[in-house]
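Here is the structure we will look at, set down as structure tokens.
Number of protein chains: 2
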Amino acid sequence: MRGDAFDPDCPTRLILDRIGDKWSVLVVLSLAGGPRRFTELRRRIGGVTPKVLTQTLRTMERDGLLTRHVFAEVPPRVEYALTPLGLSLGRPIQAITDWAEEHVEAVVAARARHDGLPG
Amino acid sequence: MRGDAFDPDCPTRLILDRIGDKWSVLVVLSLAGGPRRFTELRRRIGGVTPKVLTQTLRTMERDGLLTRHVFAEVPPRVEYALTPLGLSLGRPIQAITDWAEEHVEAVVAARARHDGLPG
DNA sequence: CTCTCATGGTTTCCAAAGGGTACCAATGGC
DNA sequence: GCCATTGGTACCCTTTGGAAACCATGAGAG
């Protein structure tokens with residue numbers, strides 16, 4: 631059975647933990663078009679704080695999803711780029727965002743129905 | 631551009647927050663085969679605590695992803711089942727788990743390379 | 001020489017979420 | 001009365017997420 635993700639010891643869980651981070655998802659989407667600098671990412675991904683963005687990027691680097699290239703310049707320049715592995719992750723992520731855009735209305739409606747239920 | 635998920639005010643973000651919960655993902659996978667009871671889910675999804683499972687199920691119900699059916703029996707019986715909306719979410723989620731199973735080795739290897747790098 | 005600006009973070013602090021354990025209500029069996 | 005089962009809830013603590021401030025470096029302005 632493929633769904634051994636149910637076993638907490640299965641490494642697949644480890645992936646879900648990665649996907650289960652909305653910032654990682656947004657970083658993958660942001661880098662899909664090519665390398666970007668830290669501040670670019672920060673501006674592009676609305677609402678992310680530098681600390682969390684750094685954490686996210688470092689973890690993704692550790693997991694082999696992206697590379698971090700520091701240029702010895704002033705002011706500093708650091709470019710982040712997806713590895714082939716990270717790039718391949720873009721496809722399933724795109725499937726999620728496609729689903730999201732298609733069904734977001736239904737979810738919002740369900741939520742409104744539930745929350746605002748007048749009795 | 632479809633990636634308006636970058637805007638924190640875009641409702642697509644709301645979906646990512648949902649997907650961005652590994653327990654929701656596992657619940658969808660668990661219910662893909664048909665309705666299940668609370669304790670079944672709890673046993674099937676290794677490592678989830680009842681509190682968190684309840685939270686997850688309630689949120690998913692609110693979002694229209696599943697239904698909760700309480701039978702007036704003793705001991706109590708509660709069945710959870712995916713709605714068509716929840717069922718449709720199974721496809722992109724499957725894409726993620728497929729990716730995970732295919733590339734988990736690479737991620738684990740990258741992580742080991744990074745962590746254990748002897749110098 | 002000092003002041004300012006820009007970049008790519010780090011540090012500190014606080015609130016929120018996640019998770020573990022214990023417990024509850026209702027009823028059947030013993 | 002006591003235990004077991006089910007589907008949770010309550011309590012508490014640790015971890016995480018997030019806001020805001022600060023830092024090092026060097027160029028350019030004054």
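Quick mapping for you: the protein sequence lines, in order, are chains G and Y.
Residue numbers 631 to 749, in this note's numbering, belong to the letters of the first sequence in order.
Residue numbers 631 to 749, in this note's numbering, belong to the letters of the second sequence in order.
Ideal placement from N, C-alpha and C gives every residue a C-beta, glycine not left out.
Predicted, not measured: the structure shown is a model, and the values here were computed from it.
Buried versus exposed, by CB contacts within 10 Å (16 or more), residue i
i                 : result
Gly749 of chain Y : At Gly749 of chain Y the pLDDT is 48, less than 50, meaning the model places this residue with poor confidence; the figure from the coordinates comes in the next sentence. Under this definition Gly749 of chain Y is an exposed residue.
Gly663 of chain Y : exposed
Arg688 of chain G : exposed
Asp647 of chain G : exposed
Thr669 of chain G : exposed
His733 of chain Y : buried
Arg666 of chain Y : buried
Ala635 of chain G : buried
Pro722 of chain Y : buried
Val700 of chain G : exposed
Asp651 of chain Y : buried
Leu659 of chain G : buried
Met631 of chain Y : Because Met631 of chain Y carries a pLDDT of 49, less than 50, the predicted location of this residue cannot be relied on, and the following value inherits that uncertainty. Looking at its Cβ environment, which holds fewer than 16 other Cβ atoms inside 10 Å, Met631 of chain Y is exposed.
Within chain G, the residues that residue i reaches when beta carbons sit closer than 7 angstroms
i                 : result
Arg674 of chain Y : Phe636
Lys652 of chain Y : Leu646, Asp647, Gly650
Pro641 of chain Y : Val734, Val738
Glu703 of chain Y : Those within 7 angstroms of Glu703 of chain Y in chain G number zero; the least Cβ separation is about 25 angstroms.
Gly677 of chain Y : Pro638
Residues that DSSP places opposite residue i in a beta bridge
i                 : result
Thr697 of chain Y : Y:Ala711
Arg743 of chain G : Per DSSP, none; premise fails for Arg743 of chain G.
Arg648 of chain Y : According to DSSP, Arg648 of chain Y bridges with nothing at all.
Arg721 of chain Y : Answer is none; Arg721 of chain Y lacks a bridge partner.
Arg666 of chain G : G:Tyr710
9 angstroms Cβ cut-off: residues of chain G touching residue i
i                 : result
His615 of chain Y : This structure leaves residue 615 of chain Y out entirely; chain Y is present only between 631 and 749.
Val655 of chain Y : Ala635, Leu646, Ile649, Gly650
Leu715 of chain Y : His733, Ala736, Val737, Ala740
Contact check, residue i vs residue j, beta carbons under 9 angstroms
i                 : j                 : result
Gly746 of chain Y : Gly716 of chain Y : no
Glu691 of chain Y : His744 of chain G : yes
Ala725 of chain G : Ala725 of chain Y : yes
Val738 of chain Y : Leu696 of chain Y : no
Ser654 of chain Y : Thr686 of chain Y : yes
Per-residue contacts from residue i into chain G (C-beta, under 8 angstroms)
i                 : result
Pro722 of chain Y : Pro722, Ala725, Ile726, Asp728, Trp729
Leu719 of chain Y : Trp729, His733
Cross-chain neighbours of residue i in chain Y, by beta carbon under 7 angstroms
i                 : result
Arg741 of chain G : Arg692, Asp693
Decide if the region 674–688 of chain G is in contact with the region 631–647 of chain G; the criterion is three or more beta carbon pairs, one per stretch, under 8 angstroms apart.
no
Would you call the region 697–715 of chain G and the region 708–724 of chain Y in contact, with 3 or more CB pairs under 8 angstroms?
no
Report yes or no: do the region 679–686 of chain G and the region 720–736 of chain G share at least 3 C-beta pairs separated by less than 8 angstroms?
no
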